[in-house]
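A short write-up of the structure that comes next.
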Amino acid sequence: LFGDASFDYKNRIPNNTNIVPVFHGLNPTLSKVNNISNYSTLNTYMSDDFFGLMDADEGQMYFVSNEGIDVSTGRMVVNTNKEAEDVVNKIINYHSINSFGKWRNNYTILTDDADNPSDASLQVGLNTMIDNLNTQYPFINAKKIHTDSYIQEVSAGGSRYPKAKQDFVDAIERGSLVVNYYGHGGEFGFAQERLFEINEAKTLNNFNNLPLFITMTCDFSRFDNPYSQTGGEFTFWNPNGGAISLVTTTRLIFVPVASSMNDRFNFFLFPD
């Protein structure tokens, strides 16, 4: 799919970005008028899986169903000719000799700190995943950035991990086939300590070694809101670097789903 989407599929708002519509989930058992559940970022979803449902009796996309996609889908969330040209140039270069190198054996993980005891599972889960992956595929060079192993500094804007933040940016710019963040976050970046923000997304300089971004955090790439551009979108749009693609989130996500998704997806990345 080539083009951005919007929550306004009727094109009623100014400066809309509904170039290629996305499927928005609706719970049909609930009232469709002024029902909070059908307007929240917790209970709603958007998905391009709809375009991969090829059977005649599929396409309702209910919360619980036996539908299964027959073809995979991806979306280039571009709004302008310039954005389209930039991302196409990145893809062409990614498949050229300019982007070959040992950096494609590198895998970088970044985890949020454990402000609460339950948050420790974020670090343990991602660390276990990369260790298991490394055991099965010894050629992977794992770079682990666990924020709790860094010194937390206090600034006027709150707590920060400047060294962890810089190490993450450096790992991307030196080259990582995959970067994987697991922790709290939102539309504008990772973690309360601002481990990765829109400024970094826009200024990454890694045109010849673009990673796949995996983000197990909330809302980082909510691309259906024309009024707000997200960190995930800026990472993808960056003409001089950023990401070649993202497996990312557009709504809220919780630990059980994120952990299961992360574990299963990563082993599909490296088939025998």
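With positions in the sequence shown counted from 1, the corresponding number in the working numbering is that position plus 8.
Ideal placement from N, C-alpha and C gives every residue a C-beta, glycine not left out.
A quick note: this is a predicted structure, and the numbers were derived from the prediction, not measured.
Counted as a single uninterrupted DSSP element, the alpha helix (DSSP H) harbouring residue 134 occupies residues 128 to 144. Comparing C-alpha distances from residue 117 to each of 103, 104 and 139 shows the shortest one belongs to 139. Going by DSSP, residue 221 is part of the beta strand (DSSP E) stretching over 220 to 224. Judged by DSSP secondary structure, residue 195 falls outside any beta strand (DSSP E); it is assigned neither H nor E.
In the DSSP assignment, residue 152 falls within the beta strand (DSSP E) that extends over 149 to 154. Straight-line spacing of the CA atoms in residue 245 and residue 205 works out to 14 angstroms. Residue 203 is classed as buried because its beta carbon has at least 16 other beta carbons within 10 Å across all chains shown. Going by C-alpha positions, residue 22 is about 46 angstroms away from residue 150. 277 is the residue among 179, 277 and 57 whose C-alpha sits nearest the C-alpha of residue 144.
Only residues of its own chain outside the window of five on either side were considered, and among them 203 have a CB closer than 6 angstroms to the CB of residue 173, listed in chain order.
Using a C-beta cut-off of 8 angstroms, the region 105 to 125 makes no contact with the region 77 to 92, since fewer than three inter-stretch Cβ pairs fall below that distance.
Shown here for residue 214: same chain residues with a beta carbon closer than 6 angstroms to its own, the five before and five after excluded, namely 180, 181 and 249 in chain order. Cα atoms of residue 267 and residue 166: separation of roughly 28 angstroms, rounded to the nearest angstrom. In the three-state reduction of the DSSP assignment, residue 272 falls in the helix class. Per DSSP, the unbroken beta strand (DSSP E) holding residue 116 starts and ends at 114 to 119. Under a 10 Å Cβ-count criterion, residue 209 is classified as buried, with 16 or more other Cβ atoms of the shown protein chains found around its own Cβ. Annotation: the continuous beta strand (DSSP E) that includes residue 161 extends over 161 to 163. Per DSSP, the beta bridge partners of residue 205 are 197. The three-state secondary structure of residue 15, taken from DSSP, is coil.
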